[in-house]
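Trainee: These protein sequences, in sequence, are chains A and Z.
Number 304 in the working numbering belongs to position 304 of the first sequence; there are no gaps in the numbering.
With the second sequence counted from 1, adding 359 to any position gets you the working numbering.
The beta carbon of each residue, even a glycine, is placed where N, CA and C say it ideally should be.
Number of protein chains: 2
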Amino acid sequence: MESLRVALGNRAYPIHIGAGALDEAALYAPHHRGSAAIVSNDVVSPLYMQRVRRALEASGARVIEIVIDDGEQAKRWENVDRICDAMLAARCGRDTLMVALGGGVVGDLAGFTASVYQRGVEYLQVPTTLLAQVDSSVGGKTAINHPRGKNLIGAFHQPRAVISDTATLDTLADRELRAGLAEVIKHAAALDLPFFEWLESRIDELLARKAEAIAYAVRRCCELKAAVVAADEKESGERALLNFGHTFGHAIEAGAGYGQWLHGEAVAAGMVMASELSARLGLIGAREMERLRRLIERAGLPVRGPAMGAARMLELMAVDKKSQAGQLRFVVLQSIGRAEVRGGVDEAMVGAAVVAASH
Amino acid sequence: MESLRVALGNRAYPIHIGAGALDEAALYAPHHRGSAAIVSNDVVSPLYMQRVRRALEASGARVIEIVIDDGEQAKRWENVDRICDAMLAARCGRDTLMVALGGGVVGDLAGFTASVYQRGVEYLQVPTTLLAQVDSSVGGKTAINHPRGKNLIGAFHQPRAVISDTATLDTLADRELRAGLAEVIKHAAALDLPFFEWLESRIDELLARKAEAIAYAVRRCCELKAAVVAADEKESGERALLNFGHTFGHAIEAGAGYGQWLHGEAVAAGMVMASELSARLGLIGAREMERLRRLIERAGLPVRGPAMGAARMLELMAVDKKSQAGQLRFVVLQSIGRAEVRGGVDEAMVGAAVVAASH
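(1) Taking Cβ positions only, does R701 (chain Z) come closer than 7 Å to chain A?
(2) Do V439 (chain Z) and T488 (chain Z) come within 7 Å of each other at the CB atom, strictly closer than that value?
(3) Start and end of the beta strand (DSSP E) containing K509 (chain Z)?
(4) By Cβ distance below 8 Å, which residues in the same chain neighbour L415 (chain Z) in space, the five residues on each side in sequence not counted?
(5) Select from Z:R478, Z:E431, Z:Y476, Z:F603 the residue whose C-alpha is nearest the C-alpha of Q693 (chain Z).
(6) Who are the near neighbours of A371 (chain Z) in its chain, counting only those whose CB is closer than 7 Å to its CB and skipping five residues on each side?
(7) Give the C-beta separation of V319 (chain A) and G120 (chain A) to the nearest angstrom, bearing in mind that I take them to be a contact with Cβ-Cβ under 8 Å.
(8) List the endpoints of the continuous alpha helix (DSSP H) containing L654 (chain Z).
(9) Name, please, each residue of chain A whose Cβ falls closer than 8 Å to the Cβ of A502 (chain Z).
(10) Between G368 (chain Z) and chain A, is there a C-beta pair that is closer than 7 Å?
(11) Is the region 85 to 100 of chain A touching the region 488 to 504 of chain Z in the sense that three or more CB pairs, one from each, lie closer than 8 Å?
(12) Looking only at its own chain, which residues have a Cβ that is under 8 Å from the Cβ of A367 (chain A), when we skip the five neighbours before and after it?
(13) Looking at C-alpha atoms only, which residue of Z:G499, Z:A669, Z:L660 is the closest neighbour of E542 (chain Z)?
(14) Alpha carbon to alpha carbon, how far is G259 (chain A) from R175 (chain A)? Give it in angstroms, no decimals.
(15) What does DSSP give as the partner residues of N243 (chain A) in its beta bridges?
(16) Opposite A251 (chain A) in the DSSP bridges: which residues?
(17) Three-state secondary structure (DSSP) at I695 (chain Z)?
(18) Taking 6 Å as the limit between beta carbons, can you name the residues of its chain near H546 (chain Z), skipping five residues before and five after?
(19) Along chain A, in chain order, which residues have C-beta atoms closer than 8 Å to that of L511 (chain Z)?
(20) Measure from the C-beta of R507 (chain Z) to each C-beta in chain A and report whether the shortest distance is under 7 Å.
(21) For the alpha helix (DSSP H) holding G720 (chain Z), just list the boundary residues, first then last.
(22) By alpha-carbon positions, which one of A:R51, A:A89, A:H146 ends up nearest to G255 (chain A)?
(23) Starting from the N-terminal side, write out each stretch of the alpha helix (DSSP H) that is 4 residues or longer and does not extend beyond the region 5 to 92 of chain A.
(24) In terms of alpha-carbon separation, which member of A:V67, A:G71, A:L207 lies closest to C84 (chain A)?
(25) Assuming V331 (chain A) and L241 (chain A) are in contact, meaning their beta carbons sit under 8 Å apart, how far apart are those beta carbons, in whole angstroms?
(26) Go to H505 (chain Z), then tell me how far its beta strand (DSSP E) extends in each direction, as first and last residue.
(27) Just verifying my parser: in three-state terms, what is the DSSP assignment at E594 (chain Z)?
(28) Do you know offhand how far M672 (chain Z)'s Cα is from G608 (chain Z)'s?
(29) Under 7 Å Cβ to Cβ from E238 (chain A), same chain only, skipping five residues before and after it: list those, please.
(30) From L536 (chain Z) to A712 (chain Z), what does the alpha carbon distance come to, in whole angstroms?
(31) Given I376 (chain Z), which residues of its chain have a CB within under 8 Å of its CB, disregarding the five upstream and five downstream residues?
(32) Which residues does DSSP list as the beta-bridge partners of G616 (chain Z)?
(33) Under the rule that 16 or more other beta-carbon atoms within 10 Å means buried, what is E347 (chain A), buried or exposed?
(34) Against F156 (chain A), what residues of chain Z qualify as contacts under a CB-to-CB distance less than 9 Å, listed in chain order?
(35) Grab the span of the alpha helix (DSSP H) containing V355 (chain A) for me, first residue to last.
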């Protein structure tokens, strides 16, 4: 077991990483006051609900279980309401600890519900997908979707701890594993050239789920993300770099209909679009663009978006949270491992980048 | 014009109080970055929307208007969604300032929406009812209701400023004015004996809307509340004293059906119940109980709750946010002007207090 720390003053919290972590009562004990509500989905719950329940009970908590549907479309208000209703029915007070057990969808939904239930209760992230372990469980971004776009309603609400059991990745579907690798590649491409090089040499081991490679990728992503979040919790600057590929990716997800493309798949194609844009802005050359595209492709991820047209993509991107004063902003690459934010990008150039990486 | 300050470090904010304040462009100018969304209801909007719009435009903001229905039942998710949708349609980004123009319902609803729109935008409170000016606009508590109880879904989200135009109270319906006086009496009864004595001598002037008396009452309540909020923003201690009358009051509101009793009316009857409980706990005597009851009655407010029975009231109170570890907590009076929080109160005693102050 390894433990990192997200340095956020009196809201600092640990990230525990290791096989078997979710069974450790001692990891839950410091964070509850006798009452916990575990939120999971109907795929993860049969696998891990009872183990997490036992660990919480062993640490002295009274536990209720709340199971929602699986998939991106679960990130909607009706589920927030359902979770609140189940907690109210069980007389959960402000002192109840919420536990988000599952992937990014469960973490975003349960975390957002924790931020609004009785004006806010504390919560733990227990991520069971690669995507959640390397990215979404860390940093306190929570949200539900809106028909006009992804994650448009939400809150910054930091967990009290992240408990990442890497053994849960053994049960992950191949498609989910690959989707998680998109966020791993994102961290490397945006922030860390040596990690990108490591990925180029280890991508096959990751796809083969070699435990040592997986554990290192999870830890390195958490280290990178923890540092960025500690420096810029509310995304007024540096944290925006972690959105590399996401403005395009969110538009792909919304345009294709939530759940058609996995988030990581959309981010993969979105990163190719962002690198096409970076090249058009004269920041990177064809070789760097190809190098990123190649790694994404080796990870078994899409390198092209759906055929929805540049105009529709631009329309969907206009509601993205990254827009300011009506102006779109994009995270682009200065080089592999060094991203930057660019405002005032010409729409025609963005459209050309979309078209170049679409079916 | 007078200005107070809520001392919350880097989130400190001013409360501007005075006749004509809502027309002052200079009060809005420091708080927006060129874009504002005014949220109001269909009663307040015809009276003040265009004046606030002009002041915002004079300060350089592009403005959109969003009008919701009037009344407590407006505090529901559908309205949060509608406001978000209107803002998304108008391409409002994270840099848009929300402006809550109206009473407590508009402030709670718009403030909550501001806390979740794109993970949080800044907002101003421009309260136009006595209740909102003396209480709900200050302190950052925002919420919507849940069928199981009032304000059960919400956030602590401090405004950037409160602009209280006391001249708006001239257009307030008598019933609304009286409902506001309930919160004025609450501040005095819970925290400030000299203010309570002042109210006993000036209640008729307040009911007659004498400008000088109203202005003093607004200012004194804001002073009291600002100090409490600065000391205990998230209600882990002292701030709970401001809930005097509210555990009972929320149950009355929920039990009677939202909108049947105004919040202030329910708090009025709730304060009588809380003083009945205080007497049963041996804290205050019959004379103090009668003194509070008399002031509430002189303010034209109900001193009895509806005939719904103690069992139903207890059931409704059990979901109140003030409950901890399944145990109800009540704000009771040690004496007039000195409230305290009591846990572990006997249910039968609570029921008896309810019955003593019910029809």
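Mentor: With the given structure in hand:
(1) Counting from one through the second sequence, the residue named residue 701 (chain Z) turns up at place 342. With a threshold of 7 Å between beta carbons, R701 (chain Z) makes no contact with chain A.
(2) Locating residue 488 (chain Z) in the second sequence gives position 129, counting from the first residue. Locating residue 439 (chain Z) in the second sequence gives position 80, counting from the first residue. No, Cβ-Cβ distance for T488 (chain Z) and V439 (chain Z) is not below 7 Å.
(3) Locating residue 509 (chain Z) in the second sequence gives position 150, counting from the first residue. Its beta strand (DSSP E) spans residues 508 to 515.
(4) Numbered from 1 along the second sequence, position 56 holds the residue referred to as residue 415 (chain Z). These residues qualify, in order along the chain: A384, Y387, H391, A395, I397, V422, V458.
(5) For the purposes of this step, residue 693 (chain Z) is identified with residue 334 of the second sequence, where counting begins at 1. Residue Z:F603 is the option with its Cα nearest to Q693 (chain Z).
(6) Reading the second sequence from its first residue, position 12 is the one you call residue 371 (chain Z). Only residues of its own chain outside the window of five on either side were considered, and among them R364, V365 have a CB closer than 7 Å to the CB of A371 (chain Z), listed in chain order.
(7) On the first sequence, position 319 is the one that residue 319 (chain A) refers to. On the first sequence, position 120 is the one that residue 120 (chain A) refers to. About 27 Å; that fails the 8 Å criterion.
(8) Taking the first residue of the second sequence as position 1, residue 654 (chain Z) is located at position 295. Counting along the chain, the alpha helix (DSSP H) containing L654 (chain Z) begins and ends at 645 to 657.
(9) For the purposes of this step, residue 502 (chain Z) is taken as residue 143 along the second sequence, with counting starting at 1. Those are R119, listed as they occur along chain A.
(10) The residue given as residue 368 (chain Z) occupies position 9 in the second sequence. Closer than 7 Å: no.
(11) In short, these stretches do not touch, since the Cβ pair count stays below three.
(12) Past the boundaries of the shown model lies residue 367 (chain A); chain A is included only from 1 to 359, so the question cannot be answered.
(13) Residue mapping note: residue 542 (chain Z) aligns to position 183 of the second sequence, counting from 1. Looking at the Cα atoms, Z:L660 is the closest of the given residues.
(14) By one-based count along the first sequence, residue 175 (chain A) stands at place 175. By one-based count along the first sequence, residue 259 (chain A) stands at place 259. For R175 (chain A) and G259 (chain A), the distance between alpha carbons rounds to 13 Å.
(15) Counted from its first residue, the first sequence places residue 243 (chain A) at position 243. DSSP lists no partner for N243 (chain A).
(16) To locate residue 251 (chain A), count along the first sequence from 1; it is residue 251. Paired residue(s): none; A251 (chain A) is not in a bridge.
(17) Numbered from 1 along the second sequence, position 336 holds the residue referred to as residue 695 (chain Z). For I695 (chain Z), the three-state secondary structure derived from DSSP is coil.
(18) Stepping through the second sequence from its first residue, residue 546 (chain Z) is reached at position 187. Close CB contacts of H546 (chain Z) within its chain, under the 6 Å cut and outside five residues either way in sequence, are with C580, L583 (chain order).
(19) As a first step, residue 511 (chain Z) is located in the second sequence; it is residue number 152 there, counting from the start. Chain-order list of chain A residues neighbouring L511 (chain Z): C84, L88, Y117, Q118, by C-beta distance under 8 Å.
(20) In the second sequence, counting from the first residue as 1, residue 507 (chain Z) sits at position 148. A Cβ of chain A is located within less than 7 Å of the beta carbon of R507 (chain Z).
(21) Here chain Z has residues from 360 to 718 only, and residue 720 (chain Z) is not among them.
(22) The count along the first sequence starts at 1 and reaches residue 255 (chain A) at position 255. Nearest of A:R51, A:A89, A:H146 to G255 (chain A), Cα basis: A:H146.
(23) The qualifying runs are 25 to 28, 45 to 58, 77 to 89.
(24) In the first sequence, counting from the first residue as 1, residue 84 (chain A) sits at position 84. Comparing alpha carbon positions, the residue from A:V67, A:G71, A:L207 closest to C84 (chain A) is A:V67.
(25) One-based indexing of the first sequence puts residue 331 (chain A) at position 331. One-based indexing of the first sequence puts residue 241 (chain A) at position 241. Contact flag correct, Cβ pair sits at about 6 Å.
(26) For the purposes of this step, residue 505 (chain Z) is identified with residue 146 of the second sequence, where counting begins at 1. Boundaries of the beta strand (DSSP E) around H505 (chain Z): 500 to 505.
(27) Looking up residue 594 (chain Z) in the second sequence gives position 235. For E594 (chain Z), the three-state secondary structure derived from DSSP is coil.
(28) In the second sequence, residue 672 (chain Z) corresponds to position 313, counting from 1. In the second sequence, residue 608 (chain Z) corresponds to position 249, counting from 1. Taking the straight line from one Cα to the other gives about 10 Å.
(29) Residue mapping note: residue 238 (chain A) aligns to position 238 of the first sequence, counting from 1. Closer than 7 Å at the Cβ level, and outside the excluded window around E238 (chain A), lie V228, A231, D232.
(30) Mapped onto the second sequence, residue 536 (chain Z) falls at position 177. Mapped onto the second sequence, residue 712 (chain Z) falls at position 353. Straight-line measurement puts the Cα of A712 (chain Z) at about 27 Å from the Cα of L536 (chain Z).
(31) As a first step, residue 376 (chain Z) is located in the second sequence; it is residue number 17 there, counting from the start. Cβ neighbours of I376 (chain Z) within its own chain (closer than 8 Å, five residues either side excluded): M360, E361, S362, L363, Q492, S523, T525, A574, V577, R578, C581.
(32) Taking the first residue of the second sequence as 1, we reach residue 616 (chain Z) at position 257. In the DSSP output, where bridge partners are listed per residue, G616 (chain Z) has none listed.
(33) In the first sequence, counting from the first residue as 1, residue 347 (chain A) sits at position 347. Classification of E347 (chain A): exposed, given that the 10 Å Cβ count is below 16.
(34) The sequence position of residue 156 (chain A) within the first sequence is 156, counting from 1. Those are R478, G479, listed as they occur along chain Z.
(35) Here residue 355 (chain A) corresponds to residue number 355 of the first sequence, with the count starting at 1. Taken as a continuous stretch (DSSP letters only), the alpha helix (DSSP H) holding V355 (chain A) covers 347 to 356.
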